[in-house]
Amino acid sequence: MGSLSDQDKDIDNVILGVSQLADGLPGGNQMSPCQQARLLEACDKLSSRLKNPEQGVAKLDFQWTNTTAVKIAIDMGIFDLATSRAPEDLTVEDIASSAGADPVLVERIMRSLIISGLFSATPRNTYQAHPGAKALSSQGSMQHMVAFIHDITACVSQKLPEFLAKTHYRNPNSCTEGPFQYTFNTTDQFYTWLQKRPGFHASFNGMMKATERMDVRWTDIFPAAARFATFCGPQAAGVLRLVDVAGGTGHNIQDLVNTLPDLQAQFTLQDLPEVVAHWGVRGEAQVEVMAHDIFQPQPVPGAHVYILKRILHNWPDKECRRILGHLRDAMAPHSILLIHDRVFPDGAAGLAQSDVSVDLAMMMLCGSMERSEAQFRTLFASVGLKLVKVWRGQAASQSQDGVVEVVLAEE
Ligand SMILES: C[S@@+](CC[C@H](N)C(=O)[O-])C[C@H]1O[C@@H](n2cnc3c(N)ncnc32)[C@H](O)[C@@H]1O
């Protein structure tokens, strides 16, 4: 065998270095979010450049089967069993007897979970659970996400090509006649449909709760201390009045309280009744909790700040105009409206996997989309609002998250 070229040696060194780094990094949580994002981006780039075209395309099928295996493992109670045991203690027989399953089937499912990085096989013929397996147990946060993707998003995704062909490849822009309605044979908008199905609604809300931990915090993007000082600093001598519109269970308010614990503020949290029933903000914060429909007039006029986080991307332009119109009517000249969504660039460069996946998920579920700055400007102008600035984080994430600051347009 000939001697290794310099390039072969370099590659061997990279392989060794990456492998050592991976062995020393059980969860990646020790890194700063920025460093983690940059490393993930570099790994994704390397991984896609290394594959030949066929391998790159085949990966799509492989991802699909892995998600299905995770759903089956949740149903079989594999993640719960793993987290109730000492690490490295799980055998095929344990799982088979606990789930009443065929050991051969168990072995096949476990192979996929190993490939997905949820378990590893030990030399003693047992399985060692990794942190992701715990996140998929009933005590973790990710079961709802897998269930929702499997039961809802994947069904719409299967029907999407047929729907788009039938509608002659028009860009979906209806929340009552879109791919979701075509798949589930309904004319209900996505959230209306969920409200009539408490099981799926709970699963969706659980998924939203799970994404809080992965999501970019608006307080990491928007300079709250500096901007809010103008509302409640010494000159204004006031208490900040902030309304989180369709704010889920209150994590955006919690993020602000954690970031500025001494802020004098009166918060209002609004969402659907079933959602705000589970609200929770820790600490001393004054929070008024209110069931409120975003398509009805805003009941808190003249607040300093209104927030819409991950709301406008759920709705086509027509519905966004109604939501924004009610906020415009409630806003005073001093009010600002903060919209936290992805703000896409004009071209395709710079987009992360999560950006494009969420955009297509919005198309499938809500007939809506992620918007560019220009699309936001046009939308606001159509209802008498004006975009002042798009705030971006300091490369804290790979995504295109931005907080758009909006005010009343001058008469
Ligand atoms: C994608 S979630 C975002 C929740 C929250 N803003 C956050 O950042 O986590 C969309 C939210 O809109 C709420 N929602 C949907 N339709 C609504 C309506 N008609 N009125 C009020 N809230 C609504 C949902 O219950 C859900 O909590």
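Offset between the sequence shown (1-based) and my numbering: plus 246.
Just so it is clear, CB atoms sit at the ideal spot from N, CA and C, and this is done for glycine as well.
Using DSSP with H/G/I as helix, E/B as strand and the rest coil, what is I553?
-> Locating residue 553 in the sequence shown gives position 307, counting from the first residue. DSSP places I553 within a strand segment (E or B) once states are collapsed to three.
Quick check: the stretch 451-466 against the stretch 489-506, are there 3 or more CB pairs under 8 Å?
-> Yes, they touch.
N-terminal and C-terminal residue of the beta strand (DSSP E) that T337 is part of = Within the sequence shown, residue 337 is the residue found at index 91, counting from 1. Per DSSP, T337 lies in no beta strand (DSSP E) and is assigned neither H nor E.
Answer yes if the stretch 525-532 comes into contact with the stretch 546-559, meaning at least three C-beta pairs across the two stretches below 8 Å, and no otherwise.
-> Too few Cβ pairs lie closer than 8 Å, so no.
Does the stretch 353-365 come within contact of the stretch 426-437, defined as at least 3 CB pairs closer than 8 Å?
-> Cβ pair count under 8 Å is below three, so no.
Between the stretch 613-620 and the stretch 411-425, do at least 3 Cβ pairs fall closer than 8 Å?
-> Counting Cβ pairs under 8 Å, three or more are found: they touch.
Going by the beta-carbon positions, is the gap between A375 and P333 smaller than 8 Å?
-> On the sequence shown, residue 375 is found 129 positions in, with the first residue counted as 1. On the sequence shown, residue 333 is found 87 positions in, with the first residue counted as 1. Contact: yes.
Following the continuous alpha helix (DSSP H) through V660, name the residue where it begins and the one where it ends.
-> Nothing about residue 660 can be reported from this structure: the residues present for the chain run from 247 to 657 only.
Among T337, K455, S383 and L271, which residue has its Cα nearest to the Cα of I318?
-> As a working note, residue 318 is residue 72 in the sequence shown. Comparing Cα positions, the closest option is S383.
Which one of G648, Y373 and Q404 has the shortest CA to CA distance from L327?
-> Taking the first residue of the sequence shown as position 1, residue 327 is located at position 81. Nearest to L327 by alpha-carbon distance, out of G648, Y373 and Q404, is Y373.
Cβ contact (3+ pairs, closer than 8 Å) linking the stretch 400-412 and the stretch 345-360 | No: fewer than three Cβ pairs fall under 8 Å.
Since I believe A492 is in contact with I557 (beta carbons under 8 Å), could you give me their beta-carbon distance rounded to a whole number of angstroms?
-> To locate residue 557, count along the sequence shown from 1; it is residue 311. To locate residue 492, count along the sequence shown from 1; it is residue 246. For a cut-off of 8 Å, the C-beta gap from I557 to A492 is around 5 Å, short enough to register as a contact.
Taking the alpha-carbon positions, what's the C478 to L515 distance?
-> Here the question's residue 478 lines up with position 232 in the sequence shown. Here the question's residue 515 lines up with position 269 in the sequence shown. C-alpha separation (whole angstroms): 20 Å.
Cβ of L611 versus every heavy atom of ligand 2: is any distance shorter than 7 Å?
-> Only ligand 1 can be found as ligands here, which leaves ligand 2 out of the picture.
Pick from A511, R567, H586 and A537 that is closest to L518, judged by C-alpha positions = Taking the first residue of the sequence shown as position 1, residue 518 is located at position 272. Out of A511, R567, H586 and A537, the CA that lies nearest to the CA of L518 is found in A537.
Which runs of the alpha helix (DSSP H) spanning at least 4 residues fall entirely within the stretch 352-415, listed in chain order?
-> The stretch 352-415 contains these whole alpha helix (DSSP H) runs: 377-381, 389-394 and 400-412.
Pick out the complete beta strand (DSSP E) segments inside the stretch 546-608, 3 residues or longer, and give them in chain order.
-> Given a length threshold of 3 residues, each whole run of the beta strand (DSSP E) inside the stretch 546-608 is given here in chain order: 551-555 and 582-590.
If we call anything under 8 Å between Cβ atoms a contact, is E619 one with V589?
-> Walking along the sequence shown from the start, residue 619 turns up at place 373. Walking along the sequence shown from the start, residue 589 turns up at place 343. If you check the CB distance, E619 and V589 come in under 8 Å.
Residue-level contact to chain B via CB, A367, 8 Å cutoff = Absent here is chain B; the protein component of the structure consists of one chain.
Can M356 be considered in contact with ligand 1, in the sense that its beta carbon sits closer than 7 Å to one or more heavy atoms?
-> Reading the sequence shown from its first residue, position 110 is the one you call residue 356. No, ligand 1 has no heavy atom inside 7 Å of this Cβ.
Measure the Cβ-Cβ separation of V652 and W637 and say whether it is below 8 Å.
-> Taking the sequence shown and counting its residues from 1, the one referred to as residue 652 is at position 406. Taking the sequence shown and counting its residues from 1, the one referred to as residue 637 is at position 391. No. Outside cutoff.
So, are the CB atoms of L573 and L584 less than 8 Å apart?
-> Your numbering for residue 573 matches position 327 in the sequence shown. Your numbering for residue 584 matches position 338 in the sequence shown. Contact: no.
Inter-residue Cα distance where the pair is T624 and S581 | Position 378 of the sequence shown, counted from the start, is the residue given in the question as residue 624. Position 335 of the sequence shown, counted from the start, is the residue given in the question as residue 581. The straight-line gap from Cα to Cα measures roughly 20 Å.
Can you give me the start and stop residues for the beta strand (DSSP E) that F474 sits inside?
-> Numbered from its first residue, the sequence shown carries residue 474 at position 228. Boundaries for F474: no beta strand (DSSP E) harbours it, while the alpha helix (DSSP H) harbouring it runs A470 to C478, taken from the DSSP string.
Compute the beta-carbon to beta-carbon distance between A470 and T505, rounded to the nearest angstrom, for a pair I have assumed lies under 8 Å.
-> If you number the sequence shown from 1, residue 470 lands on position 224. If you number the sequence shown from 1, residue 505 lands on position 259. For a cut-off of 8 Å, the C-beta gap from A470 to T505 is around 6 Å, short enough to register as a contact.
Distance, Cα to Cα, Q253 vs N259?
-> Along the sequence shown, read from residue 1 onward, the residue named residue 253 stands at position 7. Along the sequence shown, read from residue 1 onward, the residue named residue 259 stands at position 13. Spanning the two alpha carbons is a distance of roughly 10 Å.
Assign W255 to one of three DSSP states: helix, strand, or coil.
-> In the sequence shown, counting from the first residue as 1, residue 255 sits at position 9. Reading off the sequence, residue 255 comes out as Lys, not Trp. Here K255 sits in helix by DSSP.
Expressed to the nearest angstrom, what Euclidean distance is found between the alpha-carbon atoms of I569 and D490?
-> In the sequence shown, residue 569 corresponds to position 323, counting from 1. In the sequence shown, residue 490 corresponds to position 244, counting from 1. If I take the Cα positions, the gap works out to 13 Å.
Exposure label - M247; buried when at least 16 CB within 10 Å | To locate residue 247, count along the sequence shown from 1; it is residue 1. Residue placement at M247 is poorly supported in this model, since its pLDDT is 49, which falls under 50; the coordinates are not used for a value here.
Closer than 7 Å: A492 CB and nearest ligand 1 heavy atom | Taking the first residue of the sequence shown as position 1, residue 492 is located at position 246. It does: the Cβ of A492 is within 7 Å (strictly closer) of some heavy atom of ligand 1.
Determine which residues share a DSSP beta bridge with L511 and list them.
-> Sequence index remark: in the sequence shown, residue 511 carries index 265 (1-based). The residue asked about is misnamed: residue 511 is Ala in this sequence, not Leu. Answer is L486, bridged to A511.
Can you tell me the Cα-Cα spacing of V392 and T399, whole angstroms?
-> Sequence index remark: in the sequence shown, residue 392 carries index 146 (1-based). Sequence index remark: in the sequence shown, residue 399 carries index 153 (1-based). Between V392 and T399, the C-alpha separation is close to 10 Å.
In three-state DSSP terms, what is V629?
-> Counting from one through the sequence shown, the residue named residue 629 turns up at place 383. V629 falls in the coil class under three-state DSSP.
Using only the heavy atoms of ligand 1, determine whether one of them is closer than 7 Å to the beta carbon of N560.
-> Walking along the sequence shown from the start, residue 560 turns up at place 314. Within the cutoff, so yes.
Is R568 near ligand 1, judged by its Cβ being under 7 Å from some heavy atom?
-> Against the sequence shown, residue 568 aligns to sequence position 322. Flag unset: Cβ of R568 not near ligand 1.
For E534 and I261, the rounded distance between their alpha carbons = Walking along the sequence shown from the start, residue 261 turns up at place 15. Walking along the sequence shown from the start, residue 534 turns up at place 288. The straight-line gap from Cα to Cα measures roughly 54 Å.
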